Amino acid sequence: MKNKQIAFGIDIGGTNTKMGIFDLEGKLLSFKTIPTAKIGDPALFIEQLAQESQQMLNSELEMKLGDKNIVGLGAGAPMANYFTGSIEHAPNLGWTNVPLKILFEKYFLCPSVIENDANLAAVGEKKWGSGKDLTDFVLITLGTGVGTGLILDGKLYRGFNALGAEGGHIIIPHEKKRLCSCGGMNHLESFLSAKGIKETISELTHEEWTIEKLGTLFRSGDLKATAIINQIATELATGLASMGVLFGPQAFIIGGGVSKLGDTFNQVVQKKLDEHIHFSLKGKIKILAATLSSDKGAIYGGAAHIFDEVSK
Ligand SMILES: [Zn+2]
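Residue numbers for the sequence shown, in my numbering: 3 to 314.
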């Protein structure tokens, strides 16, 4: 009954938690978003997620938690550590020393893996998305923050103690000084997070634009919007040029909510990357769009990760 096997992909975010049920081919069978409970005992929240997932199983698949066809679950959360199975400290969630893997296995009655969300998105793109035929790439998620997931030699690379692969916090040279959410100065995230982009819009126009408005105006040829896109594409390309020379990837895959700026934005990033990167790599690293849904990348990756893990 191999074709009946399913897995959960879960993404615990600072505001909402997304849950999906997937089959082996990466088809999303059921999806739900619920607010993340940041107050109170995290164990109660995981128990609540298990109850929600039971409802999803009932209505879509006539299955119960504990069913042998449930392969497991892969969950992403800020600062989630694959090796320890815990979150040591996640300021966005207000969680400290949460044994997340143990809690998931207790309430969901199946094996689990936990990762940071960008790592999961990279695993998802490798199994079912734009990275399917690649061995070396960097997945960049541009959203509330800037996350990176590295696939090197076909495998997810986390660094010692899973403390690496945090390309959002590399320092980029800039005439301005801008504080990063982590407390550092002039990190890629300070300029390329949704908040960072909005700050740049406000500096250059003295107006408040949404990212969607920026994208629409840019595509219609608006000069101010073009200037903003050129600036943020240069900032991103500067960060990518550093990562590129270190890892020599085949591609950078761009995902996350801000990636809705679209292919025309990616083309500008490609041009700026080729201007800024070391001569040996010019024209050799592609900028690709993530193909899994821009706001559901981590849940696809969660399911992909547990399917891979149990088939090892
Ligand atoms: Zn930072």
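Beta carbons are placed, not taken as given, at the ideal position from N, Cα and C, and that holds for glycine.
Given the structure is predicted, the values throughout are model-derived calculations rather than measurements.
Distance cut-off 7 Å: residue i Cβ against heavy atoms of ligand 1
i	result
HIS171	yes
SER195	no
ILE112	According to the sequence shown, residue 112 is Cys rather than Ile. Incorrect: CYS112 has no Cβ contact closer than 7 Å to ligand 1.
GLY186	yes
HIS176	no
SER183	yes
GLU1	This structure cannot speak to residue 1, because the chain is shown only from 3 to 314.
GLU319	In the structure as shown, the chain starts at 3 and stops at 314, and residue 319 therefore has no counterpart that could be examined.
Cβ neighbours of residue i in the same chain (closer than 8 Å, five flanking residues each side left out)
i	result
ASP310	VAL125, LYS129
ILE213	ALA196, ILE199, LYS200, GLY259, VAL260, LYS262, LEU263
ILE203	GLU209, GLU210, TRP211, LEU216, ILE230
ALA312	A small correction: the amino acid at residue 312 is Val; Ala does not occupy that position in the sequence shown. VAL73, GLY74, PRO113, listed in sequence order.
PHE220	ALA227, THR228, ILE230, ILE231, LEU263, THR266, PHE267
THR38	ILE14, GLY15, GLY16, THR17, ASN18, THR19, PHE47, LEU95
ILE172	HIS189, LEU190, GLY241, SER244, MET245
Neighbourhood of residue i by C-beta, 6 Å cutoff - its chain only, sequence neighbours within 5 removed
i	result
GLY169	THR150, MET245
LYS314	none
ALA52	TYR109, PHE110
PHE113	What sits at residue 113 in the sequence shown is Pro, not Phe. Taken in chain order, the residues that qualify are GLY74.
VAL247	HIS280
PHE193	GLU237
ALA2	With the chain covering 3 to 314 only, the question about residue 2 has no answer from this structure.
THR98	HIS91
Close beta carbons around residue i, own chain, < 7 Å, minus the five adjacent residues each side
i	result
GLU64	none
SER296	GLY257, GLY258, GLY259, SER261, LYS262
LEU154	ASP138, PHE249
LYS6	ASN71
GLY147	GLY170, SER183, GLU191, SER195
Closer than 7 Å: residue i CB and nearest ligand 3 heavy atom
i	result
HIS91	Within the structure as shown, ligand 3 is missing, the only ligands being ligand 1.
Handout entry: Cβ pair count under 8 Å reaching 3, the segment 94-113 against the segment 278-287
Key = no
Practice task
Report yes or no: do three or more beta-carbon pairs, one from the segment 289-308 and one from the segment 15-30, lie closer than 8 Å?
Solution key: Counting C-beta pairs with one atom in each stretch, the segment 289-308 and the segment 15-30 have three or more that are closer than 8 Å, which means they touch.
Practice task
Give a yes or no on contact between the segment 259-269 and the segment 138-150, applying the rule of three or more CB pairs nearer than 8 Å.
Solution key: Contact check between the segment 259-269 and the segment 138-150: three or more CB pairs, one atom from each, fall below 8 Å, which counts as touching.
Handout entry: alpha helix (DSSP H) segments (min. 4 residues) lying fully within the segment 114-176
Key = 119-130
Exercise for the section: Tell me the start and end of each unbroken alpha helix (DSSP H) in the segment 241-281 that is at least 4 residues and wholly inside, in chain order. Expected result: For the segment 241-281, whole alpha helix (DSSP H) runs of length 4 or above, ordered along the chain, are 265-278.
Practice task
Flag this pair as touching only if the segment 182-196 and the segment 221-228 have three or more C-beta atom pairs under 8 Å; answer yes or no.
Solution key: They do not touch, by the three-pair rule.
Practice task
Tell me the start and end of each unbroken beta strand (DSSP E) in the segment 45-106 that is at least 3 residues and wholly inside, in chain order.
Solution key: 72-78, 88-92, 97-100
Practice task
Count the C-beta pairs between the segment 234-241 and the segment 269-278 that are closer than 8 Å, then say yes if the count reaches three, no if not.
Solution key: yes
Problem - beta strand (DSSP E) runs wholly inside the segment 12-36, at least 3 long, in chain order - result: Entirely contained in the segment 12-36, the beta strand (DSSP E) runs reaching 3 residues are, in chain order, 18-25.
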